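Contents: one structure, followed by commentary.
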Amino acid sequence: MPIRQLPETTVNRIAAGEVVERPASVAKELVENALDAGATRIEIATAGGGLSLLRVSDNGSGIPADELALAVQRHCTSKLEPHSALDDIQTLGFRGEALPSIGAVARLCVRSRQLGSSEGFEIRVDAGAVGTIAPAPANFGTVVEVRDLFFATPARLKFQKTERAEAQAITDAVRRIAVAFPHVRFTLSGPDRSTLDLLPQLDGETGRLARVSDALGREFAQNAVPLDAVREGVRLHGHVSLPSFGRANALQQFFFVNGRPVRDRQLASALRAAYSDRLARDRHPLCALFVEIDGRDVDVNVHPAKADVRFRDPGLVRGLIVGAVREALGRHSVQPAFAGGEALREAFRAPGHRPAAHPFDPARSPQSPLVFGGMAETAQARFVTEPSADARAPAEMPAPEGAALGAARAQVHDNYIIAQTDDALIIVDQHAAHERLVYEALKGAMDARALPSQMLLLPEIVDLPEDDAERLVAHSDALARFGLVLERFGPGGIAVRETPAMLGEIDAAQLVRDLADELADGAGLEAMRRHLDKVASVMACHGSVRSGRRLKPEEMNALLREMERVPGSGTCNHGRPTFVSLKLADIERLFGRR
Ligand code: ADP
Ligand code: MG
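Just so we're aligned, residue 591 is where the sequence shown starts under the working numbering, counting upward by one.
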């Protein structure tokens, strides 16, 4: 075949392959146009998962009648100056590709009435064939209607998922963008029951949190930590989840750069790094994070869907995220990691059971103690029948004024410290708490490069697979900073000469094997830092007070004071809470006193 210029419709269909992958991308493009037009009310209606109908109505500026024809023409946009260097884009759109792409693969109708204009007009595009402009009754603003999406590209149509899945994807896309525009009201309706009505909120942190709560769920908002930080002119603000509130996937991570929703590997990886020592490896944090950066320091012209960005200084943005998120999580460490009181009360209460009303009436009471369903029997067997065998009651030892974790009262099951504050009962998992504290101490010592070690009388020889031994030797300098001194001992052998003094008596062979596993992936400076954190984490686990050790009252109180002092001690290295707090009010409710 000879070389030929493709006709406009074919060009647009090809472009559509990238700009409109599925109904949700059409919804995203149309909503972005409405936002660029300054709309404060956006309504989205769908049918058939957006494939048979997708209509977006807004109260924005509208399109003048004499520009309607240009609006549906490729590379025509009102958002860029003719010779723009593309270095400071303030709008969501700028490529002039959405409407022509959609028009090439569907039946498109754009109806608009400019503010102050007495009449509305519409233009239709049917599989690339552009119609004439005709007057049409319309409210102020713009209505863009897309019917029979992909009917002109049967190949693409075949790749669509179920209507239900597409409807869900539209809902997700609207939610995502709505988080960045709290003052705009979004209404989504369709026969798919995927309806949404997000009321307008005030700008500012309160409004944002309210919108996050409406769009992403109240649970996230309740378990979120706010942050706001600036580094070298770049601002990061928004909310991240407490370490104890993770998800099995990363779908609930929302990043925005200058108000544009983006999916960016680097941002996600920075978030991951910020939680690296607080969250189990298979859990993912949630976030709604906004990066505000000079338009000239970020390139949004990376992909037609405009969801990718490139930063001029990726290291700066990464450092800002890691630093600010860690700082925020540290600040919230002495909060109970979850609403333990509520959960515990639920656990004690039989389904549908209403606690008996007080005052206590012996005449009406059953022979046996009050039973709150099956749970209570177990609890009773554990706690009540043999308290003397298992609980150690320390002497009355007051806690310092205002101590968040109060005074230790007892240790039960050789692992749980019961403490009391003015208005709550605190239960501490001593193993988890101690592990965290040792870990933080190790990290501190690592930064100070001064961790005392303890010489072994005889070096301990550990046999390992050769590549494990190799890796350990390669990292021996770093390990020495922790006070773990080892060297090669023949093929596949390692001699451990010194161990970190603060860990006390440990199983050096087991520690070395665990470390070899941890060192098994990655390289580079950043990876090294992560490795060191992991090393500290593995060591902490080895050196922690194992559950099962009885603690003296002074030891218990010392542990509590240490937890109050050390940031991040509210969760263990695996993201589990180290303590729960049961409010006195909840205990009273448990006994029907309130
Ligand atoms: P882009 O958004 O990249 O400019 P589009 O193809 O999405 O390209 O839209 C083309 C033009 O049509 C826009 O630049 C804008 O001027 C106009 N337009 C589209 N949708 C709307 C709308 N809802 N309200 C006002 N103007 C609109
Ligand atoms: Mg657009």
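Cβ coordinates follow ideal geometry from the N, Cα and C atoms, glycine included.
Note that the structure is a prediction, hence the values are computed from the model and not measured.
Residue i in three-state terms, based on DSSP
{"i": "residue 812", "result": "helix"}
{"i": "residue 1045", "result": "strand"}
{"i": "residue 681", "result": "coil"}
{"i": "residue 945", "result": "Any reading at residue 945 must be qualified, since the residue scores a pLDDT of 36, below 50, and its modelled position is unreliable; the value itself is stated next. Coil, per DSSP."}
{"i": "residue 1034", "result": "helix"}
{"i": "residue 874", "result": "strand"}
{"i": "residue 806", "result": "helix"}
{"i": "residue 787", "result": "strand"}
{"i": "residue 731", "result": "strand"}
{"i": "residue 658", "result": "helix"}
{"i": "residue 1151", "result": "helix"}
{"i": "residue 1159", "result": "coil"}
{"i": "residue 907", "result": "helix"}
{"i": "residue 724", "result": "strand"}
{"i": "residue 1167", "result": "strand"}
{"i": "residue 1051", "result": "strand"}
{"i": "residue 675", "result": "coil"}
{"i": "residue 970", "result": "Confidence at residue 970 is low in this model, with a pLDDT of 29, below 50, so the placement of that residue should be treated as unreliable; the coordinate-derived value is given next. Helix at residue 970."}
{"i": "residue 916", "result": "helix"}
{"i": "residue 594", "result": "coil"}
Euclidean distance between Cα positions of residue i and residue j
{"i": "residue 1109", "j": "residue 1066", "result": "11 angstroms"}
{"i": "residue 855", "j": "residue 799", "result": "24 angstroms"}
{"i": "residue 758", "j": "residue 633", "result": "16 angstroms"}
{"i": "residue 774", "j": "residue 768", "result": "8 angstroms"}
{"i": "residue 532", "j": "residue 771", "result": "The question about residue 532 has no answer here: the residues shown for the chain are numbered 591 through 1184."}
{"i": "residue 897", "j": "residue 835", "result": "27 angstroms"}
{"i": "residue 1171", "j": "residue 850", "result": "40 angstroms"}
{"i": "residue 1117", "j": "residue 866", "result": "Because residue 1117 carries a pLDDT of 48, less than 50, the predicted location of this residue cannot be relied on, and no value is offered for it."}
{"i": "residue 598", "j": "residue 653", "result": "23 angstroms"}
{"i": "residue 808", "j": "residue 712", "result": "41 angstroms"}
{"i": "residue 646", "j": "residue 916", "result": "40 angstroms"}
{"i": "residue 1104", "j": "residue 1128", "result": "7 angstroms"}
{"i": "residue 735", "j": "residue 643", "result": "7 angstroms"}
{"i": "residue 1195", "j": "residue 1151", "result": "Because residue 1195 is not part of the residues shown, which for the chain are 591 to 1184, the question remains open."}
{"i": "residue 789", "j": "residue 805", "result": "10 angstroms"}
{"i": "residue 1158", "j": "residue 1167", "result": "10 angstroms"}
{"i": "residue 1061", "j": "residue 1043", "result": "21 angstroms"}
{"i": "residue 1091", "j": "residue 1031", "result": "12 angstroms"}
{"i": "residue 1045", "j": "residue 1183", "result": "59 angstroms"}
First and last residue of the uninterrupted beta strand (DSSP E) at residue i
{"i": "residue 1018", "result": "1014-1019"}
{"i": "residue 646", "result": "643-648"}
{"i": "residue 634", "result": "631-637"}
{"i": "residue 851", "result": "850-852"}
{"i": "residue 828", "result": "824-831"}
{"i": "residue 1077", "result": "1075-1078"}
{"i": "residue 843", "result": "843-847"}
Terminal residues of the alpha helix (DSSP H) in which residue i lies
{"i": "residue 1090", "result": "Not the alpha helix (DSSP H): residue 1090 falls in the beta strand (DSSP E), residues 1083-1090."}
{"i": "residue 616", "result": "613-626"}
{"i": "residue 706", "result": "Element bounds for residue 706: n/a, residue is neither H nor E."}
{"i": "residue 779", "result": "Run containing residue 779: none in the alpha helix (DSSP H); it sits in the beta strand (DSSP E), 775-779."}
{"i": "residue 748", "result": "744-748"}
{"i": "residue 758", "result": "753-769"}
{"i": "residue 607", "result": "598-609"}
{"i": "residue 858", "result": "855-864"}
{"i": "residue 689", "result": "688-695"}
{"i": "residue 1109", "result": "No alpha helix (DSSP H) holds residue 1109; DSSP gives it neither H nor E."}
{"i": "residue 651", "result": "First-last for residue 651: undefined, no H or E at that position."}
CB contact flag (residue i, residue j, <9 angstroms)
{"i": "residue 1079", "j": "residue 1055", "result": "no"}
{"i": "residue 1016", "j": "residue 1009", "result": "yes"}
{"i": "residue 863", "j": "residue 912", "result": "yes"}
{"i": "residue 764", "j": "residue 786", "result": "yes"}
{"i": "residue 861", "j": "residue 830", "result": "yes"}
{"i": "residue 677", "j": "residue 908", "result": "no"}
{"i": "residue 1241", "j": "residue 641", "result": "Because the chain here runs from 591 to 1184, residue 1241 falls outside it and cannot be looked at."}
{"i": "residue 746", "j": "residue 695", "result": "yes"}
{"i": "residue 622", "j": "residue 682", "result": "yes"}
{"i": "residue 899", "j": "residue 889", "result": "yes"}
{"i": "residue 1144", "j": "residue 995", "result": "no"}
{"i": "residue 616", "j": "residue 817", "result": "no"}
Residue i CB to nearest heavy atom of the ligand GDP below 8 angstroms
{"i": "residue 707", "result": "With respect to the ligand GDP, the structure offers nothing, as its ligand set consists of the ligand ADP and the ligand MG."}
Beta-bridge partners of residue i, as assigned by DSSP
{"i": "residue 1010", "result": "997 and 1015"}
{"i": "residue 900", "result": "889"}
{"i": "residue 1173", "result": "1014"}
{"i": "residue 1056", "result": "In the DSSP output, where bridge partners are listed per residue, residue 1056 has none listed."}
{"i": "residue 713", "result": "700"}
{"i": "residue 1102", "result": "None; residue 1102 has no bridge partner."}
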